[in-house]
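Written below as structure tokens is the structure these notes are about.
Protein chains: 2
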Amino acid sequence: MNTPIAVSPAPTSRTAFSRVRIVLCQTSHPGNIGSAARALKTMGFSRLVLVRPRHRPEEQAIALAAGATDVLDNAQIVESLSEALAGTRHAVALTARRRELAVAPLWAREAAGEMALTLGDPDAEVALVFGNESAGLSNEELSLCSRWAMIPANPEFSSLNVASAVQLMCYELRLAVAAPGAPPAVPDAGEIATHEDVERLLAHLQQVAVESEFLDPANPKRFMVRMRRAAARARLEREEVAIFRGLLSAVEKPFK
Amino acid sequence: MNTPIAVSPAPTSRTAFSRVRIVLCQTSHPGNIGSAARALKTMGFSRLVLVRPRHRPEEQAIALAAGATDVLDNAQIVESLSEALAGTRHAVALTARRRELAVAPLWAREAAGEMALTLGDPDAEVALVFGNESAGLSNEELSLCSRWAMIPANPEFSSLNVASAVQLMCYELRLAVAAPGAPPAVPDAGEIATHEDVERLLAHLQQVAVESEFLDPANPKRFMVRMRRAAARARLEREEVAIFRGLLSAVEKPFK
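So this is what it looks like as structure tokens:
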């Protein structure tokens with residue numbers, strides 16, 4: 001093994017995202033490096049470290065990076081996992097295989113949660129480590145990592161593509177580091193109707209049902225219960241209530 | 257739009273996993289279909305429905321399916337999303353774009369949780385719907401789905417590869433349908449040491465530290481506090497405790 005030399009420190013920004021290295025060990029297919037670059041960038045990460053890739057990322061990798069070529073351009077290539085991990089405090093090795101190991105495995109989500117706690121220290125650098133497409137990580141590589149994580153998977157077909165594994169772990173880490181808040185609002189979604197708006201609509205509906213002789217007020221069965229339930233599920237907008245009220249006014253004219 | 261015709265019902269097994277359709281609309285690259293087939297199979301799903309794929313899945317798709325060719329072989333090809341959704345009760349459309357929609361979006365995790373509730377009914381069929389690589393889902397396609405889901409992503413680079421999106425949604429749905437239980441045990445991981453084992457080890461360690469004059473019993477500082485803390489973090493196994501006890505016995509001989 002080479003003497004560890006420091007992977008260059010995180011760029012000026014010291015956000016949690018910038019302190020995460022995504023380390024790919026001995027990747028065989030350049031396309032997977034490109035796909036992994038795209039995957040990690042979609043989750044807000046930027047630092048890719050390649051340990052002895054079979055090929056340097058070139059054409060095919062660039063095509064599959066699809067807009068994440070900056071990640072490829074800035075990728076660091078090193079000779080050993082020790083070099084890739086220099087300066088980190090917490091390294092999680094991803095693997096689908098069960099092996100003799102110093103530590104019990106965690107599921108991906110718990111491993112991400114634990115890593116997010118480490119990242120709470122603004123000086124902490126961490127790494128997510130992924131193995132070769134067919135051989136995975138060697139026992140020696142695994143032994144350099146402080147944690148071992150597994151992605152819950154189909155026990156009969158558990159081998160994820162390496163870029164997919166990068167996507168999932170980066171997704172879990174993104175959520176663990178920063179809860180996403182409310183989903184973006186639908187741009188022109190209307191205001192949800194108030195309780196009173198909906199009550200007035202239901203009263204109007206009942207009136208029209210009786211006027212049209214659809215509903216026998218002496219034997220209403222469960223008509224209003226069902227209508228009320230459907231309205232609750234629909235979470236009607238104020239404007240929709242106004243439309244329905246207009247429709248009810250139009251159809252009740254002949255009965256007035 | 258074609259008259260909806262029923263997509264063939266789920267195979268004999270009626271597990272929740274068998275009642276989920278993964279629907280890819282107008283996929284351009286056969287490689288993505290293969291990667292998606294692999295992705296969904298790793299998460300325990302099996303039913304792929306292709307709406308007007310640009311190419312039928314052939315060589316490149318098969319290569320990237322990597323062992324999920326059964327999923328490709330059984331994939332159903334239909335002419336419209338309506339056909340793909342026939343018989344479903346709950347369809348979630350995945351999209352990165354914000355648009356005018358009938359419903360507010362959910363995050364992927366919440367959408368999966370809601371879908372898992374629907375799957376609690378053993379007759380319910382559901383669908384996860386993914387759009388074309390560049391154009392996504394059309395507004396008409398979106399309007400056929402009862403829910404709209406987004407994957408939390410880097411706001412400056414939010415476009416996941418379609419197979420990656422399939423991987424993530426299937427992962428979330430797998431976890432929502434069936435919590436994975438404890439991670440698999442390390443095959444020859446030993447039994448964790450008992451409290452008493454660890455206490456005896458610490459006592460022995462203290463004794464050797466005093467015997468060797470490393471530790472001044474009149475001025476112990478925080479030696480034992482630190483050793484106790486390290487032992488707690490290490491979660492030592494019974495066999496490791498025995499090894500340390502043996503080592504302590506060996507090194508204390510000269511002082512006896």
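Those sequence lines, one after another, are chains A and B. The numbers in this note's numbering rise by one with no breaks, and the one at position 16 of the first sequence is 16. Just add 256 to wherever you are in the second sequence, counting from 1, and you've got this note's numbering. A virtual CB, placed ideally from N, CA and C, is assigned to each residue, including glycine. Being a predicted model, the structure only gives us computed values, none of them experimental.
Checklist entry - Unbroken alpha helix (DSSP H) runs of length 4 or more, entirely within the region 399-463 of chain B: which are they? => result Complete alpha helix (DSSP H) runs here, min 4: 418-433.
Checklist entry - Within this structure, are the beta carbons of F244 of chain A and L215 of chain A separated by less than 8 Å? => result Residue numbering aside, residue 244 of chain A sits at position 244 when the first sequence is read from its first letter. Residue numbering aside, residue 215 of chain A sits at position 215 when the first sequence is read from its first letter. Result no, Cβ atoms of F244 of chain A and L215 of chain A do not sit closer than 8 Å.
Checklist entry - Is R38 of chain A helix, strand or coil when you go by DSSP? => result The residue labelled residue 38 of chain A in the question sits at position 38 within the first sequence. Residue state, collapsed to three classes: helix.
Checklist entry - With C-beta atoms as the reference, is M43 of chain A less than 8 Å away from R233 of chain A? => result Locating residue 43 of chain A in the first sequence gives position 43, counting from the first residue. Locating residue 233 of chain A in the first sequence gives position 233, counting from the first residue. Not closer than 8 Å, so no.
Checklist entry - Should P286 of chain B be flagged as near chain A, meaning a C-beta pair shorter than 8 Å? => result On the second sequence, residue 286 of chain B is found 30 positions in, with the first residue counted as 1. So, not an interface residue.
Checklist entry - Which residues does DSSP pair with F273 of chain B in a beta bridge? => result Here residue 273 of chain B refers to the residue found at position 17 when the second sequence is read from its first residue. In the DSSP output, where bridge partners are listed per residue, F273 of chain B has none listed.
Checklist entry - When you check each C-beta in the region 408-423 of chain B against every C-beta of chain A, which residues fall closer than 8 Å? => result Flagged, chain order: P408, A409, N410, F413, S414, S415, L416, N417, A419, S420 and Q423.
Next on the checklist: Is the beta carbon of L85 of chain A closer than 8 Å to that of A149 of chain A?
Outcome noted: Your numbering for residue 149 of chain A matches position 149 in the first sequence. Your numbering for residue 85 of chain A matches position 85 in the first sequence. Result no, Cβ atoms of A149 of chain A and L85 of chain A do not sit closer than 8 Å.
Checklist entry - So, is K297 of chain B buried or exposed, given that buried needs 16 or more other C-beta atoms within 10 angstroms? => result In the second sequence, the residue the question calls residue 297 of chain B occupies position 41. Looking at its Cβ environment, which holds 16 or more other Cβ atoms inside 10 Å, K297 of chain B is buried.
Item to check | Status (buried if at least 16 other CB within 10 Å, exposed otherwise) for F301 of chain B | outcome: Locating residue 301 of chain B in the second sequence gives position 45, where the first residue counts as 1. The residue in question, F301 of chain B, is buried, as its Cβ has 16 or more Cβ neighbours within 10 Å.
Next on the checklist: So the candidates are B:P476, B:V497, B:V279 and B:S414; which of them puts its Cα closest to the Cα of H346 of chain B?
Outcome noted: As a first step, residue 346 of chain B must be located in the second sequence, where it is residue number 90. That would be B:V279, whose Cα lies nearest to the Cα of H346 of chain B.
Checklist entry - Name the chain B residues that come within less than 7 Å of M43 of chain A, Cβ to Cβ? => result Start at 1 with the first residue of the first sequence, and residue 43 of chain A comes out as number 43. Under the 7 Å cutoff, chain B gives A409 and N410.
Checklist entry - Is it right to say N139 of chain A is buried, meaning 16 or more other beta carbons lie within 10 angstroms of its own, or is it exposed? => result As a working note, residue 139 of chain A is residue 139 in the first sequence. Counting every other CB atom within 10 Å of its CB across the protein chains shown gives N139 of chain A a total below 16, marking it as exposed.
Checklist entry - Is it a yes or a no for the region 363-378 of chain B touching the region 318-331 of chain B, going by three-plus beta-carbon pairs under 8 Å? => result Between the region 363-378 of chain B and the region 318-331 of chain B there are fewer than three inter-stretch CB-CB distances shorter than 8 Å, so the stretches are not counted as touching.
Checklist entry - Between Q26 of chain A and the rest of its own chain, which residues show a CB-CB distance below 8 Å, the 5 nearest in sequence each way excluded? => result For the purposes of this step, residue 26 of chain A is taken as residue 26 along the first sequence, with counting starting at 1. So the list reads V51, R52, P53, R54, G131, N132 and A135, once near-sequence residues are dropped.
Next on the checklist: I want to verify the contact list: residues of chain A whose CB lies under 9 Å from the CB of R294 of chain B, in sequence order.
Outcome noted: On the second sequence, residue 294 of chain B is found 38 positions in, with the first residue counted as 1. Neighbours of R294 of chain B in chain A, taken as residues at a C-beta separation under 9 Å, are given in chain order as F157, S159, L160, N161 and S164.
Next on the checklist: Just verifying my parser: in three-state terms, what is the DSSP assignment at E125 of chain A?
Outcome noted: In the first sequence, counting from the first residue as 1, residue 125 of chain A sits at position 125. Correct three-state label for E125 of chain A: coil.
Item to check | Closest by C-alpha distance to N119 of chain A, when choosing among A:V177, A:E196, A:N161 and A:E156 | outcome: To locate residue 119 of chain A, count along the first sequence from 1; it is residue 119. At residue 119 of chain A the sequence reads Leu, which differs from the Asn that was named. Selected option, being the one with the closest Cα: A:V177.
Next on the checklist: Restricting to runs no shorter than 3 residues, where is the beta strand (DSSP E) found entirely within the region 49-102 of chain A?
Outcome noted: Fully contained in the region 49-102 of chain A are the following beta strand (DSSP E) runs of length 3 or more, in chain order: 76-78 and 90-94.
Checklist entry - Any C-beta of chain B sitting closer than 8 Å to the C-beta of P105 of chain A? => result Position 105 of the first sequence holds residue 105 of chain A. Yes - at least one Cβ of chain B is within 8 Å of the one on P105 of chain A.
Checklist entry - Using a Cβ-Cβ cut-off of 7 Å (strictly less than) and excluding sequence neighbours within five positions of L461 of chain B, which residues of its own chain qualify? => result For the purposes of this step, residue 461 of chain B is taken as residue 205 along the second sequence, with counting starting at 1. Closer than 7 Å at the Cβ level, and outside the excluded window around L461 of chain B, lie M483 and L504.
Item to check | Outcome for N32 of chain A when other beta-carbon atoms lying within 10 angstroms are tallied against a minimum of 16 | outcome: For the purposes of this step, residue 32 of chain A is identified with residue 32 of the first sequence, where counting begins at 1. With 16 or more other Cβ atoms within 10 Å, it is buried.
Next on the checklist: Taking the beta carbon of E469 of chain B as the centre, do at least 16 other beta carbons fall within 10 Å, making it buried, or is it exposed?
Outcome noted: Along the second sequence, read from residue 1 onward, the residue named residue 469 of chain B stands at position 213. Its Cβ having fewer than 16 others within 10 Å, E469 of chain B is exposed.
Checklist entry - In the structure shown, what three-state DSSP assignment does F386 of chain B receive? => result One-based indexing of the second sequence puts residue 386 of chain B at position 130. Strand.
Next on the checklist: For a cutoff of 8 Å on Cβ pairs, would you count A392 of chain B as touching chain A?
Outcome noted: Your numbering for residue 392 of chain B matches position 136 in the second sequence. In the sequence under discussion, the amino acid at residue 392 of chain B is Gly, which differs from the Ala named in the question. It does not: the Cβ of G392 of chain B has no partner Cβ on chain A nearer than 8 Å.
Checklist entry - Considering only the beta carbon of each residue, do G34 of chain A and L64 of chain A sit closer than 8 Å? => result Position 34 of the first sequence, counted from the start, is the residue given in the question as residue 34 of chain A. Position 64 of the first sequence, counted from the start, is the residue given in the question as residue 64 of chain A. Taking C-beta atoms as the reference points, G34 of chain A and L64 of chain A count as a pair closer than 8 Å.
Item to check | Helix, strand or coil at L471 of chain B [DSSP, three-state] | outcome: As a working note, residue 471 of chain B is residue 215 in the second sequence. In this structure, L471 of chain B counts as coil in the three-state DSSP scheme.
Checklist entry - Any beta-carbon of chain B closer than 8 Å to the one on S67 of chain A? => result The residue given as residue 67 of chain A occupies position 67 in the first sequence. For clarity, residue 67 of chain A is Gly in the given sequence; the question names Ser instead. With respect to chain B, the C-beta atom of G67 of chain A has a partner C-beta closer than 8 Å.
Checklist entry - Is the closest heavy atom of the ligand ADP to the C-beta of G87 of chain A under 7 Å? => result The model on display carries no ligand, and the ligand ADP is accordingly not part of it.
Item to check | Close-in-space but distant-in-sequence residues of the same chain around R21 of chain A (CB under 6 Å, 5 per side omitted) | outcome: Here residue 21 of chain A is taken as the residue at index 21 of the first sequence, counted from 1. Result list for R21 of chain A: R47, V49 and A127, in chain order.
Checklist entry - With distances taken between CB atoms, is the gap from F413 of chain B to G67 of chain A smaller than 8 Å? => result Walking along the second sequence from the start, residue 413 of chain B turns up at place 157. Walking along the first sequence from the start, residue 67 of chain A turns up at place 67. Contact: yes.
Item to check | Residue closest to E114 of chain A, alpha-carbon to alpha-carbon, out of A:V162, A:S164, A:M169 and A:N161 | outcome: For the purposes of this step, residue 114 of chain A is taken as the residue at position 114 of the first sequence. E114 of chain A has its Cα closest to that of A:M169, out of A:V162, A:S164, A:M169 and A:N161.
Checklist entry - Which one of A:A218, A:E211 and A:L236 has the shortest CA to CA distance from A250 of chain A? => result Here residue 250 of chain A corresponds to residue number 250 of the first sequence, with the count starting at 1. For the residues A:A218, A:E211 and A:L236, the minimum Cα distance to A250 of chain A belongs to A:E211.
Next on the checklist: Considering only the alpha carbon of each residue, which of A:K253, A:A203 and A:G190 lies closest to E240 of chain A?
Outcome noted: Position 240 of the first sequence holds residue 240 of chain A. Among A:K253, A:A203 and A:G190, the Cα nearest to that of E240 of chain A belongs to A:G190.
Checklist entry - My guess is that L393 of chain B and V385 of chain B are in contact by the Cβ rule of under 8 Å, so how many angstroms apart are they, rounded? => result The residue labelled residue 393 of chain B in the question sits at position 137 within the second sequence. The residue labelled residue 385 of chain B in the question sits at position 129 within the second sequence. In this structure L393 of chain B touches V385 of chain B by the C-beta definition: roughly 7 Å separates them, less than 8 Å.
Checklist entry - Between the C-alpha atoms of E58 of chain A and I448 of chain B, what's the straight-line distance to the nearest angstrom? => result The count along the first sequence starts at 1 and reaches residue 58 of chain A at position 58. The count along the second sequence starts at 1 and reaches residue 448 of chain B at position 192. The straight-line gap from Cα to Cα measures roughly 48 Å.
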